[in-house]
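Peer 1:
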Amino acid sequence: MEKVIVVGAGVMGSALAIHLGNNQVAVNLWGTKWDEKVLKDMESTRRHSKLEANLSESISLFYEEQLEEAFEETKLIIIAVSSKGIESICKTISPYLNEEHIILSVTKGIDEDNLYTMSNVIENALPEELRGKVSIVKLGGPIRANEIANAKYTEGVFASKNIESVKYAQKLFNSSKFKGGISADIEGVELCAAFKNAYAITMGIVEGLEGDMDNPKAALMARGAVEMANIVEAYNGSRETALGIAGVGDYYVTAQGGRNRTFGVLLGKGKTKAQAMDIMENQTVEGITATYNGYKLLKKLESQGKFNIREKAPLFQELYWILYEGKPVEEAINSYWESKDI
Ligand SMILES: NC(=O)C1=CN([C@@H]2O[C@H](COP(=O)(O)OP(=O)(O)OC[C@H]3O[C@@H](n4cnc5c(N)ncnc54)[C@H](OP(=O)(O)O)[C@@H]3O)[C@@H](O)[C@H]2O)C=CC1
Ligand SMILES: O=C(CO)COP(=O)(O)O
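For the sequence shown, my numbering assigns the number -12 to the initial residue and increments by one for each residue that follows.
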């Protein structure tokens, strides 16, 4: 039986552990000290109450101080912490890594310090002797934690420069209900994972402003997808990535039922960022920082003559102004609609 370690027992880490456990993979689910309560709960009930799913016998739970033990006999390391924790978590696991390991991440975001994608953050946080040797795989696409944990039909995409590593991950994940395709465009998949969260906030905003109307949301779905394709292309990725599972697919799922959408709806209804986060009890909403760091990334591309934000990403521009320059939501959506640039 193959054995993997899942680093981070948040909802996504736990959901992937449950999926793999049901797929006859031995899973060591390791949590940080803040995950202690959820680990204890799972230990006593063998169930994840939020995900409403049971843990199979092949899942073992490990607490913060048991990291070394949790690494034993594992080849695939799944990183499922949020973007703000990824660099420090990579440093924490570094002492236990070797060249045989494959790191797969589901974290969605852009790093603030260097504007790296999550895979680049992981690569740069590796001990020097392992850089370029440990292969890194991104699992992108529309994979809501509660649905994969409950074996609903799901399709994702494994992106990596190393095809053998992708095949290894596919073998462990794929099942009658889960299908993961292959992409070599890891940077494109990373950018989609980060930017779709921002665009899902815009979809939430129009829903908050107009009610659950289809015309405005359909417009932003299509326009947001094209903007994502423009962004990926400017970064030397493929437009198809943005128009496929990693882009449109993930954008749709997040705009339908994600936390980013909920946050956007609250903004559309007149709440401030702080009020919205308060109502959402500070759940993970990756689109907020993705907008900030994504905007810095686009500004950098613009300064290199590779992008024009006003022409190629006018919706994203308005979102940045809403979140970071206090532009009223209705004014921003109106100026987007009145814009004749597109
Ligand atoms: N939920 C979903 O359906 C999906 C989520 N994702 C992505 O997976 C990532 C995790 O999301 P999700 O599981 O939903 O969120 P949760 O809020 O449930 O979990 C976040 C995880 O990150 C850890 N974490 C947060 N901050 C830090 C830090 N500073 N240092 C170390 N660890 C930290 C948390 O630990 P702690 O509990 O101790 O704070 C927890 O294990 C996100 O990037 C998200 O976009 C991807 C696909 C689907
Ligand atoms: O990324 C997701 C599904 O692929 C989940 O989106 P949220 O973080 O908005 O809940």
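For every residue, glycine included, the Cβ atom is placed at its ideal position computed from N, Cα and C.
Could you tell me if Glu337 is buried or exposed, where buried requires 16 or more neighbouring beta carbons within 10 angstroms of its beta carbon?
Peer 2: A question about residue 337 goes unanswered here, because the residues of the chain that appear run from -12 up to 329.
Peer 1: Please determine, among Pro129, Thr141, Met267, Tyr307, the residue with the shortest C-alpha to C-alpha distance to Lys286.
Peer 2: Tyr307
Peer 1: Could you tell me if Pro203 is buried or exposed, where buried requires 16 or more neighbouring beta carbons within 10 angstroms of its beta carbon?
Peer 2: buried
Peer 1: Per DSSP, what are the beta-bridge partners of Trp17 in this structure?
Peer 2: Val(-6), Phe49
Peer 1: Could you give the distance in angstroms between the alpha-carbon of Tyr222 and the alpha-carbon of Met264?
Peer 2: 31 Å
Peer 1: When you compare each of Gly211, Ser163, Asn9 to Asp237 by their alpha carbons, which one comes out closest?
Peer 2: Gly211
Peer 1: Which residues does DSSP pair with Leu126 in a beta bridge?
Peer 2: Phe145
Peer 1: Kindly indicate the opening and closing residues of the alpha helix (DSSP H) around Ser92.
Peer 2: Counting along the chain, Ser92 falls outside any alpha helix (DSSP H), though it belongs to the beta strand (DSSP E) covering 89 to 92.
Peer 1: Counting only the same chain and skipping the five closest in sequence on each side, list residues whose C-beta sits under 7 Å from that of Glu55.
Peer 2: Tyr83
Peer 1: By the DSSP assignment, the beta strand (DSSP E) with Ser170 in it spans what residues?
Peer 2: 165 to 170
Peer 1: For my contact list, Glu99 and Asn247 are in at a C-beta cut-off of 8 Å; report their separation, rounded to the angstrom.
Peer 2: 18 Å between Cβ atoms; not a contact.
Peer 1: Expressed to the nearest angstrom, what Euclidean distance is found between the alpha-carbon atoms of Glu197 and Leu207?
Peer 2: A straight line joining the alpha-carbon of Glu197 with that of Leu207 spans about 13 Å.
Peer 1: Per DSSP, Ala40 is paired with what?
Peer 2: By DSSP's assignment, Ala40 forms a beta bridge with His35.
Peer 1: Helix, strand or coil for Thr259, going by three-state DSSP, please let me know.
Peer 2: coil
Peer 1: Candidates His88, Arg297, Glu227, Ile5: which alpha carbon is nearest His35's?
Peer 2: Ile5
Peer 1: Shorter than 7 Å, the distance from the beta carbon of Val93 to the closest heavy atom of ligand 1, or not?
Peer 2: yes
Peer 1: Using a Cβ-Cβ cutoff of less than 8 Å, which residues in the same chain neighbour Ile266 once the five nearest sequence positions on both sides are dropped?
Peer 2: Taking Ile266 as the centre and dropping the five residues before and after it, the same chain places the C-beta of Leu253, Lys258 closer than 8 Å to its C-beta, in chain order.
Peer 1: For the putative contact between Ser69 and Glu177, defined by C-beta atoms under 8 Å, what is the C-beta separation to the nearest angstrom?
Peer 2: The C-beta distance from Ser69 to Glu177 rounds to 15 Å, too long to fall under 8 Å, and the pair is not in contact.
Peer 1: Here's the rule: buried if 16 or more other CB atoms are within 10 angstroms of the residue's CB, otherwise exposed. What is Met29?
Peer 2: buried
Peer 1: Nearest to Lys299 by CA position, among Ala277, Phe58, Val108, Tyr323, is which residue?
Peer 2: Tyr323
Peer 1: Say yes only if the C-beta of Val68 is nearer than 7 Å to one or more non-hydrogen atoms of ligand 1, and no if none qualify.
Peer 2: yes
Peer 1: Under 7 Å from any heavy atom of ligand 2, does the C-beta of Ala181 make it?
Peer 2: Between ligand 2 and Ala181, a heavy atom-to-CB distance of less than 7 Å is absent.
Peer 1: Contact between the segment 140 to 150 and the segment 118 to 129 is defined here as three or more beta-carbon pairs at a separation below 8 Å; is this criterion met?
Peer 2: With a cut-off of 8 Å, the segment 118 to 129 and the segment 140 to 150 count as touching, because enough Cβ pairs lie within range.
Peer 1: Check each candidate in Gly255, Met(-12), Leu26 and name the one with the smallest Cα separation from Ser1.
Peer 2: Leu26
Peer 1: Look at the alpha carbon of Arg226 and the alpha carbon of Glu312, and state the distance between them as a whole number of angstroms.
Peer 2: 30 Å
Peer 1: Between the Cα of Ala67 and those of Phe58, Ser92, Leu288, spot the shortest distance and give me the residue it belongs to.
Peer 2: The residue with the shortest Cα to Cα distance from Ala67 is Ser92.
Peer 1: Looking at the secondary structure, which residues open and close the beta strand (DSSP E) in which Leu113 lies?
Peer 2: Unbroken run through Leu113: none, as it is neither H nor E.
Peer 1: Secondary structure at Leu102, three-state DSSP: helix, strand or coil?
Peer 2: coil
Peer 1: What are the complete alpha helix (DSSP H) segments, minimum 4 residues, inside the segment 272 to 318?
Peer 2: 273 to 290, 296 to 299, 301 to 312
Peer 1: With 16 as the cutoff for other CB atoms within 10 Å, does Thr32 come out buried or exposed?
Peer 2: exposed
Peer 1: For Lys139 and Val108, I'd like the C-alpha separation in whole angstroms.
Peer 2: 31 Å
Peer 1: Here's a check: name, in chain order, each residue in its chain whose Cβ is nearer than 7 Å to the Cβ of Leu117, leaving out the five neighbours to either side.
Peer 2: Leu84, Glu86
Peer 1: Looking at Leu159 and Val316, is the spacing between their C-beta atoms short of 8 Å?
Peer 2: In this structure, Leu159 does not lie closer than 8 Å to Val316 by Cβ.
Peer 1: For Ala132, verify whether its CB is less than 7 Å away from any heavy atom of ligand 1.
Peer 2: yes
Peer 1: For Arg297, count the other beta carbons within 10 Å of its own beta carbon; 16 or more makes it buried, fewer makes it exposed. Which is it?
Peer 2: exposed
Peer 1: Can you list, in chain order, the stretches of the alpha helix (DSSP H) that have 4 or more residues and sit fully within the segment 188 to 252?
Peer 2: 201 to 221, 226 to 230, 237 to 244
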